[in-house]
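First to last, the protein sequences are chains A and B.
All residue numbers in the first sequence are consecutive under the numbering used here, ending with 383.
All residue numbers in the second sequence are consecutive under the numbering used here, ending with 1124.
Don't be surprised by glycine CBs; every beta carbon is placed ideally from N, CA and C.
Structure record follows, encoded as structure tokens.
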Amino acid sequence: MELTKDEGAALKGEKGETFELAYRILVATGEAINADRLVPISWAHLSGVNYNTIGDAGEEFLSKISNDAKVAVKTTLNPMGFDIDSVSNYNLDQNFIEKQQSIRESYERMGVTPSFSCIPYEIYALPDKGTQVSFAESNAAIYANSIGHLKTNKESAFSALASALTGKSPYSDLRKDDVPNLTIRMKIQQPNELTFGLLGFFAGKVADNSVSISGVKELDKRSCKSLCGGMGTSGTCGKFVLSEEETSEKVDFDEKEMQKIHDELNTADNGDLITLGSPQLGLEEISDLSSMLKNKSFKKRCMVFCPRAVQNQARKLGYTNEIERAGCEILSDCCTCLTPLIDKKNVDSVTTNSIKGAYYLKNSNGVGVNLKPLSKIIQEETK
Amino acid sequence: MNLKTIVKGKAKGIIMKSNNPINFLGAVDKKTGLIRDENHDLYQQSIKDKILIFPHGIGSSVGAYTIYSLKSNNSAPHAMICQKADLTTASGCALANIPLVIVSKEEFDSFENGKNFEIDTDSS
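Laid out in structure tokens, this is it:
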């Protein structure tokens, strides 16, 4: 990868330790994805916020660099471990709370907007078509490239942080007009959001940088986010295109393939509690949920995750009344994925419609997972 | 050997090879280096102090912090060798100073599990 004179100097440490580190990361990632140079970006979205995921090493690293590092562009943030407003209702370890606050303070010292959301594309206005951004959250990167008409690598937590600090990112194929080299033929009739999550997980496994999907007539917000979340979890693929023009290489997503992935992720027949949101729910989904829950109440605990900005709007519009009346806990600043609020000491299994959530609940939280689409959750789990 | 260096360095150790991609955040315990994904072919094995050879990293962008944490907890592999580079593995190794190289499919296939291996990106 070619660097300008200034970039080269920063890599040698002439602009301080933080820039040296940032350029070391940009050069390694640039080499990894065969980029020939760095390009300016106008928005970075960072992952690596939850103390559960980054641990003491991450907390100490952020605390150290935030002494002098400042972001160079608009920078937003992924969810953390708990809801700031209701943390006292949960029996969380004091050490966790302190370390999480330290991480939050480090990001704020660097000038990052504490949005605590994995769906920046639903809470901020999107910039012009073709704008270069750096999104680390995998579902957000895929959404930005596929639906949002933006350009981003499927960034890592560190490559997005390096982009936030320098305002630059490697110019990879995904940032150009990348043409998919594989078509997945969607063969499942009457798909729901769970089907699309499974399709995404399958696509992530078989596709490389980008993939074309045929046979999808319509994709509502819930299904689209489920597809992005599933795809981001299982692979490196950073973009999908819905198209009936098939590439030379084709692979079918049929009942057999779907069942295989379902069996891999669905490990329980029922759940002790229900979680909705991974990715977090946007205003449209909160509105839908409120209508679906009319005159119904959950028979067990149900946690609903949405960004703070969405919760505030939903409160003003009255959507939260019905949802809370039906017995749900509405949580912001955090998400199903890797929240310490779901612990195997208290919970054996969780019912969810999230494929992304299922993977991390199973592997990181260590609990059983029962997969069901939202319509079935409401039909079977409410009275 | 025909390789592309992503993160420079030298290391030696025993080869631990997997044919499955690795989701560092979900599948690796950041304190011990144990693989905890029961669907992974390295399930219940530790990647600590190994020359870890795998196709590429997948999944969460936060996996880069897992690699950095492994290093901080002295549970990281001595080096990593992949067939395809991904941003999570590349950036995690860059920050943690773990040598990372990319090799061709033929070379990838020729590595044998359990053998001793030495890597020096400046001399190969």
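Could you tell me the distance, in whole angstroms, from the CA atom of residue i to the CA atom of residue j?
i: Gln-94 (chain A); j: Pro-307 (chain A); result: 24 Å
i: Ala-309 (chain A); j: Gln-1045 (chain B); result: 43 Å
i: Lys-70 (chain A); j: Ile-147 (chain A); result: 30 Å
i: Ile-123 (chain A); j: Gly-282 (chain A); result: 8 Å
i: Ser-297 (chain A); j: Leu-1003 (chain B); result: 60 Å
i: Ala-207 (chain A); j: Cys-302 (chain A); result: 34 Å
i: Phe-253 (chain A); j: Phe-202 (chain A); result: 8 Å
i: Ala-72 (chain A); j: Asp-1120 (chain B); result: 36 Å
i: Val-87 (chain A); j: Asp-177 (chain A); result: 44 Å
i: Ser-354 (chain A); j: Cys-335 (chain A); result: 11 Å
i: Gly-1057 (chain B); j: Leu-289 (chain A); result: 36 Å
i: Leu-338 (chain A); j: Ile-97 (chain A); result: 15 Å
i: Asp-1049 (chain B); j: Asp-272 (chain A); result: 39 Å
i: Glu-1107 (chain B); j: Ile-330 (chain A); result: 52 Å
i: Lys-129 (chain A); j: Leu-150 (chain A); result: 6 Å
i: Arg-109 (chain A); j: Leu-165 (chain A); result: 13 Å
i: Ile-274 (chain A); j: Arg-315 (chain A); result: 22 Å
i: Ala-1064 (chain B); j: Asn-295 (chain A); result: 45 Å
i: Lys-154 (chain A); j: Ser-278 (chain A); result: 18 Å
i: Met-258 (chain A); j: Asn-370 (chain A); result: 15 Å
i: Asn-145 (chain A); j: Trp-43 (chain A); result: 14 Å
i: Tyr-171 (chain A); j: Asn-78 (chain A); result: 23 Å
i: Ile-1067 (chain B); j: Pro-120 (chain A); result: 26 Å
i: Ser-349 (chain A); j: Asp-269 (chain A); result: 9 Å
i: Thr-18 (chain A); j: Asp-68 (chain A); result: 8 Å
i: Asn-50 (chain A); j: Gln-100 (chain A); result: 7 Å
i: Gly-327 (chain A); j: Phe-1117 (chain B); result: 58 Å
i: Glu-244 (chain A); j: Cys-224 (chain A); result: 17 Å
i: Ala-1027 (chain B); j: Gly-1059 (chain B); result: 10 Å
i: Gly-238 (chain A); j: Thr-29 (chain A); result: 15 Å
i: Ser-1018 (chain B); j: Thr-1088 (chain B); result: 18 Å
i: Asn-192 (chain A); j: Glu-105 (chain A); result: 40 Å
i: Ser-1069 (chain B); j: Gly-1092 (chain B); result: 9 Å
i: Gly-16 (chain A); j: Lys-74 (chain A); result: 22 Å
i: Pro-1077 (chain B); j: Phe-1024 (chain B); result: 12 Å
Name the DSSP beta bridge partners of residue i, please?
i: Asp-1120 (chain B); result: B:Lys-1010
i: Phe-1054 (chain B); result: B:Cys-1082
i: Lys-1017 (chain B); result: B:Ile-1053
i: Leu-329 (chain A); result: Checking the sequence, you will find Glu at residue 329 (chain A) rather than Leu. Glu-329 (chain A) is bridged to A:Met-303.
i: Asp-252 (chain A); result: A:Arg-185
i: Gly-368 (chain A); result: A:Ser-349
i: His-45 (chain A); result: A:Thr-76, A:Phe-135
i: Leu-276 (chain A); result: A:Val-304
i: Ser-210 (chain A); result: A:Lys-239
i: Lys-168 (chain A); result: A:Pro-40
i: Ser-1046 (chain B); result: B:Leu-1034
i: Thr-1005 (chain B); result: B:Val-1101
i: Val-1028 (chain B); result: B:Ile-1035
Starting from the beta carbon of residue i, find every residue of chain A whose beta carbon is closer than 9 Å, and list them in chain order.
i: Gly-1092 (chain B); result: Ser-156, Ala-157, Phe-158
i: Ala-1085 (chain B); result: Ala-28, Thr-29, Glu-31, Ala-32, Ile-33, Asn-34
i: Asn-1073 (chain B); result: Gly-55, Asp-56, Ala-57
i: Val-1103 (chain B); result: By Cβ distance, chain A contributes nothing, its closest Cβ being about 13 Å from Val-1103 (chain B), past 9 Å.
Please compile the residues from chain B whose C-beta is within a distance smaller than 7 Å of the C-beta of residue i.
i: Ser-63 (chain A); result: Per Cβ cutoff of 7 Å: no residues; Ser-63 (chain A) is ~13 Å from chain B at best.
i: Tyr-171 (chain A); result: What Tyr-171 (chain A) touches in chain B: nothing, since even the nearest Cβ is about 13 Å away.
i: Tyr-359 (chain A); result: Gly-1026
What does residue i reach in chain A if we use C-beta pairs closer than 7 Å?
i: Tyr-1065 (chain B); result: Gly-48, Thr-53, Ile-54, Gly-58, Ala-157
i: His-1167 (chain B); result: The shown model of chain B, from 1001 to 1124, leaves out residue 1167 (chain B), and the question about it has no answer.
i: Leu-1052 (chain B); result: Here the premise fails: no neighbours, minimum Cβ distance about 16 Å.
i: Ile-1006 (chain B); result: Ala-28, Glu-31, Ala-32
Mind listing the chain B neighbours of residue i? Cutoff is C-beta to C-beta under 9 Å, in chain order.
i: Ser-138 (chain A); result: Gly-1059, Ser-1060, Ser-1061
i: Ser-115 (chain A); result: What Ser-115 (chain A) touches in chain B: nothing, since even the nearest Cβ is about 16 Å away.
What does residue i touch in chain B if you count any residue whose Cβ is under 8 Å from its own?
i: Ser-290 (chain A); result: Residues of chain B passing the Cβ test: none, with the nearest at roughly 30 Å.
i: Asn-153 (chain A); result: Leu-1087
For the ligand ADP, is there a heavy atom less than 7 Å away from the beta-carbon of residue i?
i: Lys-356 (chain A); result: The ligand ADP is not part of this structure, which contains no ligands at all.
**Given 8 Å, three or more beta-carbon pairs between the stretch 132 to 140 of chain A and the stretch 308 to 323 of chain A** = Three or more Cβ pairs closer than 8 Å define a contact, and the stretch 132 to 140 of chain A falls short of that threshold against the stretch 308 to 323 of chain A.
**Prompt:** If you measure beta-carbon to beta-carbon, which residues of the stretch 82 to 98 of chain A are closer than 9 Å to chain B?
**Reply:** Cβ contacts with chain B come from no residue of the stretch 82 to 98 of chain A.
**Request:** Give the residues from the stretch 218 to 252 of chain A that approach chain B closer than 8 Å (Cβ to any Cβ), ordered along the chain.
**Result:** Interface annotation for the stretch 218 to 252 of chain A against chain B: Gly-232, Thr-233, Ser-234, Gly-235, Thr-236, criterion Cβ-Cβ distance under 8 Å.
**Message:** With three or more beta-carbon pairs closer than 8 Å as the criterion, would you say the stretch 335 to 350 of chain A touches the stretch 253 to 265 of chain A?
**Reply:** With a cut-off of 8 Å, the stretch 253 to 265 of chain A and the stretch 335 to 350 of chain A do not count as touching, because too few Cβ pairs lie within range.
**contact_flag[the stretch 352 to 363 of chain A, the stretch 1008 to 1015 of chain B] where n(CB pairs < 8 Å) is 3 or more** = The stretch 352 to 363 of chain A is not in contact with the stretch 1008 to 1015 of chain B.
**Cβ contact check for the stretch 217 to 232 of chain A and the stretch 185 to 204 of chain A: 3 or more pairs under 8 Å** = They touch, by the three-pair rule.
**Near-chain B residues of the stretch 17 to 41 of chain A (beta-carbon distance less than 8 Å), N- to C-terminal order** = Listed in sequence order: Leu-21, Arg-24, Ile-25, Val-27, Ala-28, Thr-29, Glu-31, Ala-32, Ile-33.
**Prompt:** Using a beta-carbon distance cut-off of less than 9 Å, what residues from the stretch 308 to 339 of chain A approach chain B?
**Reply:** From the stretch 308 to 339 of chain A, only Cys-337, Leu-338 have a Cβ closer than 9 Å to chain B.
**Asked** Which residues, in chain order, does the stretch 1023 to 1047 of chain B contribute to contact with chain A at a C-beta distance below 9 Å?
**Response** Of all residues in the stretch 1023 to 1047 of chain B, Asn-1023, Leu-1025, Gly-1026, Ala-1027, Lys-1030, Lys-1031, Arg-1036, Asp-1037, Glu-1038, Asn-1039 have a Cβ within less than 9 Å of some Cβ in chain A.
**Prompt:** Does the stretch 236 to 251 of chain A come within contact of the stretch 184 to 199 of chain A, defined as at least 3 CB pairs closer than 8 Å?
**Reply:** In short, these stretches touch, since the Cβ pair count reaches three.
**Asked** In chain order, what residues of the stretch 257 to 278 of chain A put their CB closer than 7 Å to some CB of chain B?
**Response** Hits within the stretch, in order: Glu-264.
**Chain-ordered residues of the stretch 1107 to 1122 of chain B with a beta carbon less than 8 Å from chain A** = Cβ proximity to chain A below 8 Å picks out nothing from the stretch 1107 to 1122 of chain B.
**Asked** Of all the residues that make up the stretch 340 to 372 of chain A, which are near chain B by a beta-carbon distance shorter than 7 Å?
**Response** For the stretch 340 to 372 of chain A, which is checked against every Cβ of chain B, the residues closer than 7 Å are Tyr-359, Tyr-360, Asn-363, Ser-364.
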